[in-house]
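First up is the structure itself, then whatever we jot down about it.
Number of protein chains: 2
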Amino acid sequence: MFNNADEESVTHPLLLLRSTSNTTSQVAIVGSNLCPIESLDYEIIENDFFKQDWRTRSKTQICQYLFMKWTLCFLVGIVVSLVGFTNNLAVENIAGIKFVVTSNMMLANKYLVAFVVFTAANFGLTLFASLITAYISPEAAGSGIPEVKAYLNGVDAPGIFSLRTLVVKIVGSISAVSSSLHIGKAGPMVHTGACVAALMGQGGSKKYRLTWRWLQYFKNDRDRRDLVTCGSAAGMAAAFRSPVGGVLFALEEMASWWRGALLWRAFFTTAVVAIVLRAFIDFCFTGKCGLFGTGGLIMFDVTSANISYHLEDVPPVFLLGIIGGILGSLYNFILDKVIRIYAIINEKGAAYKILLACSISIFTSGLLFGLPWLASCQACPADASEACPTIGRSGNYKKFQCPPGHYNDLASLIFNTNDDAIKNLFSKNTDSEFHWSSILIFFVTCFFLSIFSYGIVAPTGLFVPVILTGASYGRLVGMLIGSRSNLNHGLFAVLGSASLLGGSMRMTVSLCVVILEFTNNLLLLPLIMLVLLVSKTVGDVFNGNIYDLIMKLKGLPYLEAHAEPYMRQLTVSDVVTGPLQLFHGIEKVSNVVHVLRTTRHNGFPVIDEPPVTECPVLFGLVLRAHLVTLLKKKAFLPTAVPTGIDAFNQFTAGDFAKRGLGNGDKIEDIDLTEEEMEMFVDLHPFTNASPYTVVETMSLAKALILFREVGLRHMLVIPKISSRLPVVGILTRHDFMPEHILGVHPSLLKSRWKKLRIRFPPWEKIF
Amino acid sequence: MFNNADEESVTHPLLLLRSTSNTTSQVAIVGSNLCPIESLDYEIIENDFFKQDWRTRSKTQICQYLFMKWTLCFLVGIVVSLVGFTNNLAVENIAGIKFVVTSNMMLANKYLVAFVVFTAANFGLTLFASLITAYISPEAAGSGIPEVKAYLNGVDAPGIFSLRTLVVKIVGSISAVSSSLHIGKAGPMVHTGACVAALMGQGGSKKYRLTWRWLQYFKNDRDRRDLVTCGSAAGMAAAFRSPVGGVLFALEEMASWWRGALLWRAFFTTAVVAIVLRAFIDFCFTGKCGLFGTGGLIMFDVTSANISYHLEDVPPVFLLGIIGGILGSLYNFILDKVIRIYAIINEKGAAYKILLACSISIFTSGLLFGLPWLASCQACPADASEACPTIGRSGNYKKFQCPPGHYNDLASLIFNTNDDAIKNLFSKNTDSEFHWSSILIFFVTCFFLSIFSYGIVAPTGLFVPVILTGASYGRLVGMLIGSRSNLNHGLFAVLGSASLLGGSMRMTVSLCVVILEFTNNLLLLPLIMLVLLVSKTVGDVFNGNIYDLIMKLKGLPYLEAHAEPYMRQLTVSDVVTGPLQLFHGIEKVSNVVHVLRTTRHNGFPVIDEPPVTECPVLFGLVLRAHLVTLLKKKAFLPTAVPTGIDAFNQFTAGDFAKRGLGNGDKIEDIDLTEEEMEMFVDLHPFTNASPYTVVETMSLAKALILFREVGLRHMLVIPKISSRLPVVGILTRHDFMPEHILGVHPSLLKSRWKKLRIRFPPWEKIF
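In the order they appear, the protein sequences are chains E and R. All letters in the first sequence, in the order written, are residues 17 to 783 by the working numbering. All letters in the second sequence, in the order written, are residues 17 to 783 by the working numbering.
Now the structure itself:
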């Protein structure tokens, strides 16, 4: 049986790597989290010391707090939009120069040289990105959305919000996206936004002596969580220039706790982003941004003033949604398997990681350069709205190897930046521009390339690849339906993107608004809503949202809002068992040190027993971090007799403020003399005297609601009938994990209370 | 001191009517709620009986439940869009015919006859609306948004979701809006949507023998709340043809509890609304809908392909927001006072109510017909894009009394339906069409007319009047700024609407999306965000959101999510006092009857005492409704000895299902013999054995978080030190009301912990 171990170190035993997903405990398959994953505490800690501190806060301090709350959001908005703009500017220029140089060589018929230059440039950029990621900050690899989502759920993965990670994420993302890998920048932008917010809320850096008194109010989990939520909204807003979509994305996908006030603050942050970006674009229209401005800052304007569609267009859209849902869940399924395989390679060491990344880069370059040769050249249309063939970077008609007056339709998609390819696919009045075989080749390439590119050791996003894959899928369906529908192929591409996004990421309102904002056409709304609803519903039948799958692989214990049906069959006492570590109100120092050194628990119940009280009484809950601070300050008593509340003079609120992860003091660092070990410490003023408690007969489902809605880290279980001890156990996040519960009660695996979901057939095992 | 009275009947003692807003208890100023306001219970009730019932549910039943959940949302969407369309069709046709007839008379120079016909038609329509509202369903008066908002917060005002209310709301709204009163239809549509959803979730009607087994699953507060949330989203979506805005409105303004799954369901509902409305509009474009189609179903298409604005346009927009915020809070302030004055009149009886409504109607008709005479006629522009002057109903250039070739700009705004007036104000390229004096007259008229029209006894909305007032205010500012800004006056009108909406209703994201959806121009986004943020911030400095003010006047105990600072200074034991009513696990029938008859409490702690147990133990909480069912079924024991669980054979889950308000059994209706009174009843199987408890030393702020986040109706307070009784008291919604707390602890009124807000000066007293 499991004891009430909370926040155990979740490492990644290689032995368990190949186990199926029905592992009984939460195990990280990917990532190298050698530090423990910590839970966050959103409860109001009410101990005497904090109460006293709160009472002494003046009105000025409250105003400072309010002022800082908004100022930080403003600053987050400014910084994130700056980063977003820099990112776009850099990618457009680096990738742009690469394409211009290669195209010029091809114009001069130097195809081999062009290929070598193209591959070498991509290889160099990928190598750089994977080098800095692997050696400086492995936490910056991947999209970052799963980690931020877990953080907002109350799980602090180590190092995800460090300055190092931020820098690697920004530089690595620019470099990786420029290297023509089939990856996106939206995920990394969200992580960047969250990271900026978290760093700002950390109250400066103690290491670099940058601290400011006003920032001290944000040194707690609640305020930092709110700021990170705003930051992730800003990141999304900057990635797609979609301020409302960014807020909704943070609300629907990222945040686990949400309040009206937060909605407003997030909205403010993204408004700042929108206005700053607008100013930059105004500036770039003057032509001072190099190659930026022709394709930059994604904005697929598909406005056609009078799009008309009628009820008879609903069935094809419905079909598009169904297939999109199936494709999306298949995408998730394969991605999951590929990440597991990559994990085996990546575990072998940094060199292997980099090797993998470089192989993918060479493979990608080969495909991008080689595939267009499969497509036949097409004659330029007489009424083309732009120069045909296009010489240079963006544009619908790429010349590639074709003779003058002809263009290569596959090259227009494949030998281009992702943003430009999306723009080409979304364009209206281009129904005859692409041949169906080119679109098919492109779709298959995108689908698999994006799956194989995600898991490499570099900042990689999923949004843009999925949009691109979906757009080609939608065009293909549009071509098959042909003239039986009023909708043009560009519109089908938009709907195809929506369906694949819905089928893979399983968002609704936020995706809808993001797509509306970047296509800038509100009349599409009902069709996009329809396609998203259908594809999400179909996808949910097969598996979970892609970020949840990745989160599971990373071993992050995400707490769902919804209780599984079998949780109604269990009581809390069914999952809390094992020995319980308790402290007394006045405890011997050596006992405290012993318990802290021998367990990894982060919270301990404090009880008062006779003769202090008449009968055993639960006084409250004390946190490991606070105990360590007490020991460090050596606030000891010579005897087991309390001496009043002079504790308030010995400590300041700053002593107990939450540190960044890994920066907190450790019990191992504290040296105590023999004499001190024999002394006593009065825990009363530092014990949270009103923890939330549940009675042992409460069902797990009902306890989960309290745990999740209030955002707890520890929940005390009290006995139904008063017994010798006033507390039965402690529940933590891990006790609510389905893996844990099903491990303790394996019989539930077969019960009819499991989630209704179609499983893939047993050939799943071949992976 | 107050005892733990829960859900006291909140009637409206006339004596307290003139008291200031600092009344110590929650008192209804308006509305005639003679029935008690009931709280709703979103907690999972875990008694043995329900647990047994849950265990016996088959997989089929779970699937039925899932299927019904989505089917109901689908049906709500269909019905609400039907109602919305009918509403629009009727208003456009009734008001349209009225304007056409009057205009024709004026063309024939019969001005007096035209005035009489116009006034009589309006009078008749208003009279009809107020008659049915006053005599059939007074609950249908007003916007309905505050009541629905309170319901979703857990307060069930009597009669708001009855079939009667629904019918009166729909018919009354059509009639009142057609009567040229300065009121809107959005609020009534939201109420209608919520009402449709609530009726569908009620499981048919027992009275008319319409019950269906599948609907039984929805006979609980949680599922009904979710359905009502979707219904209110659908209502908003239908009112403005704004599906995403509808979802966000329900999320931001209406819902107090929200989950990801609900977002998805609400989105589905509004998608249905959008698609059905689209089909109807397609149909109406064929010209079979009478006068509908030229101006119906609000959609102010202000697309101008290349709206350009730059950073230098930000300051005027900022200014617009600041003044809008001040105007909005002033609007709320005056409206609040007018409603209080109207309440005095309305209290005198139905005849007075109708008289008030009719006077407002005559006054309005006089203004609408009289004011345009103040404006001078203007020559038609040579390059007018439409016929000038317009003969008939809609259009920019109303002829009114002007000679041929001229138009009356004030009449174009004032002698028109509200929708058309908004459309005219929002139009681009009309900078020279309106004279500033006309706009000023129109603004002042709108501002006050909408304030004086809201409180009458008819279904009245606030959205459209505020949009219209704001649009004229925006145009006025645009004219004053003139050519110093690049923005055209139509755009200023849109921004003005946004600023007044933000200043009065204090929403952000949802208003932003609603405005975007009905103006259909995404490029406006950053400016609208800016103006909303500024006006909401400015407005919040002065007073609360308009719906919260109305809710307060109606005496609905709305529970805020955010704890007031002084709540951190109080513990729960500071607010629970007074005698506590307890039951024993096996209780004498006469005791139960006595307590139920003499108190109005809705929940009672159940304890087991020696000799049943060793020491007193809190067994759980039993609800009044369940006790009444027990008494009605006469499931009694001859002696105080439990006889096992044969209770499960005597009852079905349907016996304990939640009834519609007022339909539940009452203790007064139950007759018991002397003999039965001497028997015993075993409460154990029907007692919620795991209620949420808090320790008496917990701060009120922390307890509020639990109460609010989990959605409780009763919260048990347990002692810190075990004493004779295992429970100290019960907390209910009313114990968390600031009015109650400040009444018990008046010293807090002067504390520095009160909300930071600028108060209006003492001349407030003159009202």
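Yeah, the Cβ is synthetic: ideal placement off N, Cα and C, and Gly gets one too.
{"Item": "Rounded to whole angstroms, what is the Cα-Cα separation between residue 732(R) and residue 709(E)?", "Value": "12 Å"}
{"Item": "Please list, in chain order, all residues of the same chain as residue 329(E) whose beta carbon is under 8 Å from its beta carbon, the five residues on each side excluded.", "Value": "501, 502, 503, 543"}
{"Item": "If we ignore side chains and look at the alpha-carbon of each, how far apart do residue 313(E) and residue 256(E) end up?", "Value": "A caution first: residue 313(E) carries a pLDDT of 44, below 50, which makes its placement in the model too unreliable to give a value."}
{"Item": "May I have the straight-line CA-CA distance separating residue 74(R) from residue 217(R), to the nearest angstrom?", "Value": "21 Å"}
{"Item": "Check whether the Cβ of residue 749(E) lies closer than 9 Å to any Cβ atom in chain B.", "Value": "You won't find chain B in this structure, because its protein chains are E and R."}
{"Item": "Give me, in chain order, the residues of the same chain whose beta-carbon lies closer than 6 Å to that of residue 110(E); leave out the 5 immediate sequence neighbours on both sides.", "Value": "194"}
{"Item": "Leaving out the 5 sequence neighbours to the left and right, which residues in its chain are closer than 8 Å to residue 736(E) when beta-carbon positions are compared?", "Value": "711, 712, 713"}
{"Item": "For residue 764(E), which option in 582(E), 201(E), 302(E), 520(E) has the closest C-alpha, if you only look at C-alpha atoms?", "Value": "582(E)"}
{"Item": "Cα separation between residue 580(R) and residue 57(E)?", "Value": "21 Å"}
{"Item": "Counting only runs that start and end within the region 598–635 of chain R, where is the alpha helix (DSSP H) found for 4 or more residues in a row?", "Value": "605–614"}
{"Item": "Going straight from the alpha carbon of residue 815(R) to that of residue 498(R), what length do you get?", "Value": "Nothing about residue 815(R) can be reported from this structure: the residues present for chain R run from 17 to 783 only."}
{"Item": "Return the residue from the list 682(R), 574(R), 533(R) that minimises the CA-CA distance to residue 755(R).", "Value": "574(R)"}
{"Item": "CB residue 541(E) to CB residue 290(R), shorter than 9 Å?", "Value": "yes"}
{"Item": "Taking CB distances under 9 Å as the criterion, tell me whether residue 714(R) reaches chain E.", "Value": "yes"}
{"Item": "Beta carbon of residue 448(R), beta carbon of residue 388(R): below 9 Å?", "Value": "no"}
{"Item": "Check whether the region 265–282 of chain R and the region 295–302 of chain R touch, using three or more Cβ-Cβ pairs below 8 Å as the test.", "Value": "no"}
{"Item": "Hey, does residue 763(E) have any beta-carbon neighbour from chain R nearer than 9 Å?", "Value": "no"}
{"Item": "Please check if any C-beta of chain E sits within less than 9 Å of the C-beta of residue 327(R).", "Value": "yes"}
{"Item": "Please report the distance separating the alpha-carbon of residue 629(R) from that of residue 599(R).", "Value": "15 Å"}
{"Item": "List the DSSP bridge partners of residue 55(R).", "Value": "171(R)"}
{"Item": "DSSP three-state call for residue 763(R): helix, strand or coil?", "Value": "helix"}
{"Item": "Starting from the beta carbon of residue 295(E), find every residue of chain R whose beta carbon is closer than 7 Å, and list them in chain order.", "Value": "327"}
{"Item": "May I ask you to verify whether the region 681–697 of chain R touches the region 599–611 of chain R, counting CB pairs closer than 8 Å and requiring at least 3?", "Value": "yes"}
{"Item": "Please confirm if residue 245(E) has its CB atom under 9 Å from at least one CB of chain R.", "Value": "no"}
{"Item": "Quick one: what's got a C-beta closer than 7 Å to residue 151(R)'s C-beta in the same chain, skipping five residues either side?", "Value": "366"}
{"Item": "Shortest alpha-carbon distance to residue 393(E) belongs to which of 337(E), 357(E), 451(E)?", "Value": "451(E)"}
{"Item": "Report the CB separation of residue 474(R) from residue 142(R) in whole angstroms; it is logged as a contact under 8 Å.", "Value": "7 Å"}
{"Item": "Output, in sequence order along the chain, the residues in the region 269–299 of chain E whose CB is closer than 8 Å to any CB in chain R.", "Value": "274, 275, 276, 277, 279, 280, 283, 284, 286, 287, 290, 291, 294, 295, 298"}
{"Item": "Select from 79(E), 508(E), 654(E), 90(E) the residue whose C-alpha is nearest the C-alpha of residue 484(E).", "Value": "508(E)"}
{"Item": "Provide the residue(s) that pair with residue 423(E) in DSSP beta bridges, ordered along the chain.", "Value": "394(E)"}
{"Item": "Measuring CB to CB, does residue 515(R) end up less than 9 Å from residue 550(R)?", "Value": "yes"}
{"Item": "Can you tell me which of the three DSSP states residue 539(R) falls into?", "Value": "helix"}
{"Item": "Strictly below 8 Å CB to CB, what residues from chain R border residue 528(E)?", "Value": "260, 283"}
{"Item": "Give the straight-line distance between the Cα atoms of residue 368(E) and residue 374(E), rounded to the nearest whole angstrom.", "Value": "10 Å"}
{"Item": "Which same chain residues end up closer than 8 Å to residue 624(R) when comparing Cβ atoms and leaving out the 5 residues on each side of it in sequence?", "Value": "600, 601, 632, 633, 635"}
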